[in-house]
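Before any comments, here is the structure.
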Amino acid sequence: MILFSWNCRGISQASVVRHLRAIVQEFNPECIFLTETKVGVPKMQDIVNSLGFLHSEIVPAVNRSGGLCLCWRAGIDIEITVANESHISALVFSDPAETPWLLTCVYTSPYKHLQFHLWDSLAQTSVAHAGP
7 MILFSWNCRG ISQASVVRHL RAIVQEFNPE CIFLTETKVG VPKMQDIVNS LGFLHSEIVP
67 AVNRSGGLCL CWRAGIDIEI TVANESHISA LVFSDPAETP WLLTCVYTSP YKHLQFHLWD
127 SLAQTSVAHA GP
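At position 98 of the sequence shown (counting the first as 1) the number is 104 in our numbering, and the numbers step up by one without a gap.
Here it is as structure tokens:
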């Protein structure tokens with residue numbers, strides 16, 4: 007699977023979307039993780055659709071800060087297990103399909119005093135999943 011991750015530092019500008027579209031056309035990733043989208047769900051969903059991705063999990067920005075998006079193409083079997091302001095975790099079912107693996111895409115606060123939320127959530131996620 008080709009997975010592309012990008013801190014887009016705001017995706018509402020047309021130039022950012024054009025750049026992302028060019029990357030998608032050149033590398034044809036099956037899955038994209040975007041951080042600091044700085045937009046709400048409706049705007050992000052429009053962008054996901056325009057890029058040709060059928061599935062997505064969107065964590066909206068709060069006061070034009072943060073925002074995450076994991077999107078994937080048809081034919082990729084992903085089941086979201088956790089989605090919050092610091093990370094999105096999902097089970098990915100691939101060959102063999104009966105043995106899913108855990109994908110965790112992370113973006114956290116630069117402030118140390120807020121990072122403990124991420125570590126606590128990641129610990130809970132790892133305990134809940136026994137596989138790779």
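No residue lacks a Cβ here, since even glycine has one placed at the ideal position from N, Cα and C.
Return the chain-ordered list of same chain residues with a C-beta closer than 8 Å to the C-beta of residue i, the five sequence neighbours on each side being excluded.
| i | result |
| --- | --- |
| Ala-6 | There is simply no residue 6 to check, as the chain begins at 7 and stops at 138 in what is shown. |
| Val-23 | Ile-17, Ile-53 and Ser-56 |
Look at the Cβ atom of residue i, then the Cβ atom of residue j, and state whether they are nearer than 8 Å.
| i | j | result |
| --- | --- | --- |
| Cys-77 | Ser-56 | no |
| Ile-82 | Cys-111 | no |
| Ile-17 | Val-45 | yes |
| Phe-33 | Ile-8 | yes |
| Glu-42 | Cys-14 | yes |
| Leu-120 | Pro-106 | no |
| Ser-115 | His-93 | no |
With distances taken Cα to Cα, identify the nearest neighbour of residue i among the options.
| i | options | result |
| --- | --- | --- |
| Glu-91 | Ala-67, Thr-105 and Leu-109 | Ala-67 |
| Val-30 | Pro-106, Glu-42 and Ile-53 | Ile-53 |
| Ser-95 | Lys-49, Met-50, Thr-131 and Tyr-117 | Thr-131 |
| Arg-70 | Ala-129, His-25, Ser-11 and Met-50 | Met-50 |
| Tyr-113 | Leu-40, His-25, Ala-20 and Gln-19 | Leu-40 |
| Leu-124 | Ala-89, Leu-108 and Phe-99 | Ala-89 |
Within its chain, find whatever has a CB closer than 6 Å to the CB of residue i; leave out the 5 residues flanking it on each side and keep chain order.
| i | result |
| --- | --- |
| Gly-72 | Glu-91 |
| Tyr-117 | none |
What is the C-beta distance between residue i and residue j, in whole angstroms, given that I count them as a contact (C-beta under 8 Å)?
| i | j | result |
| --- | --- | --- |
| Arg-79 | Phe-59 | 6 Å |
Looking only at its chain, what residues have a beta carbon closer than 7 Å to the beta carbon of residue i, apart from the 5 residues adjacent to it on each side?
| i | result |
| --- | --- |
| Arg-35 | Per the sequence shown, residue 35 should be read as Pro rather than Arg. Excluding sequence neighbours, Pro-35 sits near Ile-8, Leu-9 and Phe-10. |
| Glu-85 | Ala-96 and Leu-97 |
Item checked: Inside the segment 29 to 96 only - beta strand (DSSP E) runs reaching at least 3 residues -> 37 to 41, 61 to 65, 74 to 78 and 83 to 89
Margin query: Just to confirm the assignment: which complete alpha helix (DSSP H) runs, minimum length 4, are found wholly within the segment 102 to 138?
Written below: Counting whole runs of 4 or more residues, the segment 102 to 138 contains the alpha helix (DSSP H) stretches 118 to 134.
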